[in-house]
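Heads up, the thing below is written out as structure tokens.
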Amino acid sequence: DTGVSQDPRHKITKRGQNVTFRCDPISEHNRLYWYRQTLGQGPEFLTYFQNEAQLEKSRLLSDRFSAERPKGSFSTLEIQRTEQGDSAMYLCASSLEVGGLETQYFGPGTRLLVL
Amino acid sequence: GEDVEQSLFLSVREGDSSVINCTYTDSSSTYLYWYKQEPGAGLQLLTYIFSNMDMKQDQRLTVLLNKKDKHLSLRIADTQTGDSAIYFCTRGGYQKVTFGTGTKLQVIP
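Top to bottom, those sequences are chains A and B.
The opening residue of the first sequence carries number 14 in my numbering; numbering runs sequentially from there.
The opening residue of the second sequence carries number 304 in my numbering; numbering runs sequentially from there.
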């Protein structure tokens, strides 16, 4: 296991379509995060899981967005009825807290373009 | 608030030192981090500093923390073209992490 992986790396879709992204974290990490990053901005927090429980969701996460981590391993992020404003890079990160130090390791991201 | 502020852009000549500055408002974090993002890529952890430390050195990287002023800096010695990227400072790392807009470092050959 060499790191966090995300699939697909790129996605082009038409407005109104649904898309689903997958994130595979580092295997021993119990926390998993989703972020969204638009051009010229830093990543914005969307949601995070501890094991299979979704513990926090940003107000950025509208009703069209849903995330799951059914077995506490991989996670999916689904966007329903995509809008052009959803175009962004979607980043996943995983972490394991050790002695108060929690370092998030990021995947390469999924770049979404909504036409 | 949980704001993190950085200057947007820094240009240096290859071989010079780069200093990237960051100010933050929430001082409750145990650790502060620096991440690097190359074009089209995810974020790579560069280094971190424990909030009780003033300085940490890691090869070409030196992190300075001024808790009183809530100021964090990253110094890159002998800057190389491969250091060209966006650098983010973050606080926390426990639960959600707040990112600023980052500092884009341009290294001129």
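Where is the CB? At the ideal position from N, CA and C, for every residue including glycine.
Being a predicted model, the structure only gives us computed values, none of them experimental.
- Item | Contact set between Leu348/B and chain A, taken where Cβ atoms lie within less than 9 angstroms | Those are Thr116, Gln117, Tyr118 and Phe119, listed as they occur along chain A.
- Message: Give me the residue from Ser314/B, Val400/B and Thr401/B with the minimum Cα distance to Ile323/B.
- Response: Closest by alpha carbon: Ser314/B.
- Message: Please list, in chain order, the residues of the stretch 316-340 of chain B that have any C-beta partner in chain A closer than 9 angstroms.
- Response: Close to chain A, meaning a Cβ-Cβ distance shorter than 9 angstroms, are the following residues of the stretch 316-340 of chain B: Thr333, Tyr334, Tyr336, Tyr338 and Gln340.
- For Phe34/A, which beta-bridge partners are listed by DSSP? The partner list for Phe34/A (beta bridge, DSSP) reads Leu90/A.
- Round the Cβ separation of Gly405/B and Gly55/A to the nearest angstrom and send it over; I've been treating them as touching at under 8 angstroms. Cβ atoms of Gly405/B and Gly55/A come within 8 angstroms of each other, at about 5 angstroms.
- Residue-level contact to chain B via CB, Pro56/A, 7 angstroms cutoff: Taking 7 angstroms as the threshold, the shortest C-beta distance from Pro56/A to chain B falls below it.
- With DSSP as the reference, please indicate the residues paired to Asp329/B in a beta bridge. In the DSSP assignment, no residue is bridged to Asp329/B.
- CB contact check: Gly85/A to chain B, cutoff 7 angstroms: Contact with chain B is absent for Gly85/A, since none of that chain's Cβ atoms lies less than 7 angstroms from the residue's Cβ.
- Item | Interface residues of the stretch 94-107 of chain A facing chain B [CB-CB below 7 angstroms] | For the stretch 94-107 of chain A, which is checked against every Cβ of chain B, the residues closer than 7 angstroms are Leu104.
- Spell out whether any CB of chain B is found under 7 angstroms from the CB atom of Gly113/A. Taking CB atoms only, Gly113/A has a neighbour in chain B less than 7 angstroms away.
- Using the Cα positions of Ser18/A and Ser88/A, report the straight-line distance between them to the nearest angstrom. Whole-angstrom Cα-Cα distance: 11 angstroms.
- Query: Can you pull the DSSP bridge partners for Arg378/B?
  - Reply: Note: Arg378/B sits in a beta bridge opposite Val322/B and Thr365/B.
- Message: Does Phe34/A pass the burial test, meaning 16 or more other C-beta atoms within 10 Å, or should it be called exposed?
- Response: By the neighbour-count criterion, in which 16 or more other beta carbons inside 10 Å mark a residue as buried, Phe34/A falls on the buried side.
- Task: Using a Cβ-Cβ cut-off of 7 angstroms, state whether Gly122/A counts as contacting chain B.
- Result: Taking Cβ atoms only, chain B reaches closer than 7 angstroms to Gly122/A, which makes this a yes.
- Query: What do you reckon, are the CB atoms on Leu114/A and Tyr338/B nearer than 7 angstroms?
  - Reply: Going by C-beta atoms, Leu114/A is not nearer than 7 angstroms to Tyr338/B.
- Message: Output needed for Tyr61/A: all residues of its chain with C-beta closer than 8 angstroms, excluding positions within five of it in sequence on either side, in chain order.
- Response: Excluding sequence neighbours, Tyr61/A sits near Arg44, Leu45, Tyr46, Trp47, Gln67, Leu68 and Glu69.
- Query: If you run the structure through DSSP and keep just helix, strand and coil, what is Gly304/B?
  - Reply: Because Gly304/B carries a pLDDT of 41, less than 50, the predicted location of this residue cannot be relied on, and the following value inherits that uncertainty. Looking at Gly304/B - three-state DSSP - the assignment turns out to be coil, as it is neither helix nor strand.
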